[in-house]
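Novice:
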Amino acid sequence: MTRLWAQDQDDAAVVSALMQDACVRPDEIAYDRAHRRFVILASRFCWEEKDAQRVRAALRIESVTGAQRRNWPEGSELPLELLALSVEPGEISLHFAAGAEIRVEIECVDLILEDLGPPHPALTRPQHRE
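Using my numbering, the first residue of the sequence shown is number 2, and each one after it goes up by one.
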């Protein structure tokens with residue numbers, strides 16, 4: 002089971018690679034202002050495994066000062082596909098398919114990616130066009 006703590010841009014790139022193609026339901030994304038925490042629950046594709054597997058995982062962003070959505074599919078309950086996350090000074094951007102994005106304002110890079118249970122067989126392996 003994966004458990005990673007990212008504290009800089011290079012660490013965050015590893016988390017981004019592991020979260021690539023994660024399926025995220027909009028109702029499993031939360032910003033807790035009181036605790037300055039942003040959390041995403043996802044079905045993460047296990048790129049680190051030889052066989053096609055997925056695992057429930059939590060991505061936690063700490064030291065959050067704000068969050069904004071852009072090009073968000075309002076009213077949709079369909080899962081979103083997380084393509085990547087990127088880090089710039091003072092923010093982490095979560096990039097989803099179809100141009101949806103969440104910009105999370107941060108004081109510092111403080112991410113935790115944690116698998117929540119054992120992996121299970123995936124029906125398909127995500128395909129990427131070159």
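We put the CB at the ideal spot given by N, CA and C, even for glycine.
(1) Using DSSP with H/G/I as helix, E/B as strand and the rest coil, what is D11?
(2) Residues in its own chain within less than 6 Å of L42 by CB, not counting five upstream and five downstream?
(3) Which value, in whole angstroms, describes the spacing of the CA atoms of D116 and L5?
(4) Between the C-alpha atoms of D33 and F39, what's the straight-line distance to the nearest angstrom?
(5) Mind checking A13: buried by the 16 CB within 10 Å criterion, or exposed?
(6) Locate the beta strand (DSSP E) running through R34, then write down its first and last residues.
(7) Please confirm if G76 has its CB atom under 7 Å from at least one CB of chain B.
(8) Can you tell me whether V65 is buried or exposed, with buried defined as 16 or more other CB within 10 angstroms of its CB?
(9) Within its chain, find whatever has a CB closer than 7 Å to the CB of D97; leave out the 5 residues flanking it on each side and keep chain order.
(10) Going by C-alpha distance, which of W48, T3, A68 is nearest R126?
(11) Determine the extent of the beta strand (DSSP E) in which T66 is found, giving its start and end residues.
(12) Residues in the same chain with beta-carbon distance under 8 Å from H1, minus the five sequence neighbours each way, listed in chain order, please.
(13) According to DSSP, is A101 part of a helix, a strand, or is it coil?
Specialist: By the coordinates alone:
(1) Within the sequence shown, the letter at position 10 stands for residue 11. D11 falls in the helix class under three-state DSSP.
(2) Position 41 of the sequence shown, counting from 1, holds the residue named residue 42. Here the set comprises E29, A59.
(3) For the purposes of this step, residue 116 is taken as residue 115 along the sequence shown, with counting starting at 1. For the purposes of this step, residue 5 is taken as residue 4 along the sequence shown, with counting starting at 1. The alpha-carbon atoms of D116 and L5 are separated by roughly 9 Å.
(4) Locating residue 33 in the sequence shown gives position 32, counting from the first residue. Locating residue 39 in the sequence shown gives position 38, counting from the first residue. The straight-line gap from Cα to Cα measures roughly 6 Å.
(5) Position 12 of the sequence shown holds residue 13. By the 10 Å Cβ count, A13 comes out buried.
(6) Stepping through the sequence shown from its first residue, residue 34 is reached at position 33. Taken as a continuous stretch (DSSP letters only), R34 belongs to no beta strand (DSSP E), as it is neither H nor E.
(7) No chain B appears in this structure, which consists of one protein chain only.
(8) The residue given as residue 65 occupies position 64 in the sequence shown. Looking at its Cβ environment, which holds 16 or more other Cβ atoms inside 10 Å, V65 is buried.
(9) By 1-based counting over the sequence shown, the position of residue 97 is 96. The residue you asked about is not Asp; residue 97 is Phe in the sequence shown. Here the set comprises L81, E82, L83, L84.
(10) One-based indexing of the sequence shown puts residue 126 at position 125. Closest by alpha carbon: W48.
(11) Start at 1 with the first residue of the sequence shown, and residue 66 comes out as number 65. 65-71 is the extent of the beta strand (DSSP E) around T66.
(12) The shown model of the chain, from 2 to 131, leaves out residue 1, and the question about it has no answer.
(13) Here residue 101 is taken as the residue at index 100 of the sequence shown, counted from 1. Three-state DSSP puts A101 in coil, outside helix and strand.
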